[in-house]
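Notes follow the structure.
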Amino acid sequence: ETGVTQTPRHLVMGMTNKKSLKCEQHLGHNAMYWYKQSAKKPLELMFVYNFKEQTENNSVPSRFSPECPNSSHLFLHLHTLQPEDSALYLCASSQPTGNEQYFGPGTRLTVT
Amino acid sequence: GIQVEQSPPDLILQEGANSTLRCNFSDSVNNLQWFHQNPWGQLINLFYIPSGTKQNGRLSATTVATERYSLLYISSSQTTDSGVYFCAVGNTGNQFYFGTGTSLTVIP
Chain A
1 ETGVTQTPRH
11 LVMGMTNKKS
21 LKCEQHLGHN
31 AMYWYKQSAK
41 KPLELMFVYN
51 FKEQTENNSV
61 PSRFSPECPN
71 SSHLFLHLHT
81 LQPEDSALYL
91 CASSQPTGNE
101 QYFGPGTRLT
111 VT
Chain B
1 GIQVEQSPPD
11 LILQEGANST
21 LRCNFSDSVN
31 NLQWFHQNPW
41 GQLINLFYIP
51 SGTKQNGRLS
61 ATTVATERYS
71 LLYISSSQTT
81 DSGVYFCAVG
91 NTGNQFYFGT
101 GTSLTVIP
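Sequence order for the protein chains is A and B.
If you read the first sequence in our numbering, its first letter stands for residue 1, the second for the next number, and so on.
If you read the second sequence in our numbering, its first letter stands for residue 1, the second for the next number, and so on.
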């Protein structure tokens, strides 16, 4: 799927660093999502934005801070992460919430 | 939340064989999708199928919503079909629930 892009594709960061993940969708959707996929675990929904408003926060630690400036862009700001936060972070979009989701290629994050 | 169980967890097939993957869910849903995750992590949409039957080439899917299960059929499997197949469901609201996946390996 080329409709949802994510950058960077790979990221290695230390526990004291601050970095941001970016997601952009070109599908005209109004809802965007962040998921975390750890090894041997199902995808876990982290955040949902609908028309730029956050509608779901599934008890995600505050070291993960989402931002949705418009319906096409979604960011995940990272700070003081832990090694157990190493995972594949996937962005998705849909129109409207609850309908078919389309995923980006993911950012593989390693926290050292 | 909705519990989603997929079976089998692992499957090894000879190229050309057929297979059936199953997804059971614990509550009524109005959204069900099947995905194929390739070795690079990309989730590829296969079917959006909250009910009924759909076919796309060698793949087809059936969801029986009243009995809370969905099946994904792969016929004449190819090595490029290898990867992990996920079922995801949702009902009212913004929550989606993924199963743990079926890891498929097709050997030549």
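No residue lacks a Cβ here, since even glycine has one placed at the ideal position from N, Cα and C.
Computed from a prediction, not measured in an experiment: that's the story for all the values here.
Worksheet item: Exposed or buried, A/G106, counting other C-beta atoms within 10 Å across all chains shown (16 or more means buried)?
Response: Looking at its Cβ environment, which holds 16 or more other Cβ atoms inside 10 Å, A/G106 is buried.
Worksheet item: Do you know offhand how far B/T92's Cα is from B/D27's?
Response: The straight-line gap from Cα to Cα measures roughly 11 Å.
Worksheet entry | Reduced DSSP category for B/A17 - H, G, I as helix; E, B as strand; rest coil | Here B/A17 carries a coil assignment [DSSP, helix/strand/coil].
Item to complete: Could you check if A/K36 is buried or exposed, using at least 16 other CB atoms within 10 Å of its CB as the buried criterion?
Response: Its Cβ being crowded by 16 or more others within 10 Å, A/K36 is buried.
Worksheet item: DSSP on A/E1, reduced to helix/strand/coil?
Response: Caution applies to A/E1, whose pLDDT of 46 falls short of 50 and renders its modelled position unreliable; the value that the coordinates give is listed next. If DSSP states are grouped into helix, strand and coil, A/E1 belongs with coil.
Item to complete: Leaving aside the five residues before and after B/F96 along the sequence, list all residues of the same chain whose C-beta is less than 6 Å from its C-beta, in chain order.
Response: The answer, listed in chain order, is A88 and G90.
Fill in: Outcome for B/N31 when other beta-carbon atoms lying within 10 angstroms are tallied against a minimum of 16
Residue burial is scored here from C-beta neighbours: B/N31 has at least 16 other C-beta atoms within 10 angstroms and is therefore classed as buried.
Worksheet item: When you check each C-beta in the segment 63 to 90 of chain B against every C-beta of chain A, which residues fall closer than 8 Å?
Response: If you check each beta-carbon in the segment 63 to 90 of chain B against every beta-carbon of chain A, the ones closer than 8 Å belong to F86, A88 and G90.
Discussion item. Please classify B/N18 as buried or exposed, where buried requires at least 16 other C-beta atoms within 10 Å of its C-beta.
Written reply: Sixteen is the threshold: since fewer than 16 other Cβ atoms of the shown chains lie within 10 Å of the Cβ of B/N18, the residue is exposed.
Worksheet item: Who pairs with B/I2 in a beta bridge, going by DSSP?
Response: The partner list for B/I2 (beta bridge, DSSP) is empty, contrary to what the question assumes.
Worksheet item: For the beta strand (DSSP E) that contains A/E100, what are its first and last residues?
Response: Neither: A/E100 is in no beta strand (DSSP E) and is coded neither H nor E.
Worksheet item: Should the segment 2 to 20 of chain B be regarded as contacting the segment 16 to 30 of chain A, the criterion being three or more beta carbon pairs within less than 8 Å?
Response: Contact between the segment 2 to 20 of chain B and the segment 16 to 30 of chain A is absent: fewer than 3 CB-CB pairs across the two stretches fall below 8 Å.
Worksheet item: Rounded to a whole number of angstroms, what is the C-alpha to C-alpha distance between B/Y69 and B/L21?
Response: Cα to Cα, B/Y69 sits roughly 11 Å from B/L21.
Worksheet entry | Spatial distance of A/E53 from A/C68 (CA atoms) | Distance between A/E53 and A/C68, taken at the CA atoms: about 8 Å.
Worksheet item: Mind listing which residues of the segment 5 to 37 of chain B have their C-beta closer than 8 Å to chain A's C-betas, in chain order?
Response: If the cut-off is 8 Å between Cβ atoms, the segment 5 to 37 of chain B has N30, N31, Q33 and F35 near chain A.
Item to complete: Check distances from the C-beta atoms of the segment 40 to 53 of chain B to those of chain A and list, in chain order, the residues that come in under 8 Å.
Response: Residues are counted here when their Cβ sits less than 8 Å from a Cβ of chain A; for the segment 40 to 53 of chain B these are W40, G41, Q42, L43, I44, N45 and Y48, given in chain order.
Worksheet item: Name the chain A residues whose beta carbon is nearer than 7 Å to that of B/T100?
Response: Under a criterion of Cβ atoms nearer than 7 Å, the residues of chain A adjacent to B/T100 are, in order, P42.
Fill in: Whole-angstrom C-beta distance between B/P9 and B/T105, which should lie under 8 Å
A Cβ-Cβ separation of about 12 Å leaves B/T105 out of contact with B/P9 under the 8 Å criterion.
Worksheet entry | Candidates A/V12, A/N50 and A/P61, of which the one nearest A/Y33 by Cα | Taking each of A/V12, A/N50 and A/P61 in turn and checking the Cα distance to A/Y33, the smallest one comes out for A/N50.
Worksheet item: Quick one: is B/Q55 near chain A, going by C-beta distance under 9 Å?
Response: Contact with chain A is absent for B/Q55, since none of that chain's Cβ atoms lies less than 9 Å from the residue's Cβ.
Fill in: Through-space distance from B/P108 to A/L90, alpha-carbon basis
About 31 Å.
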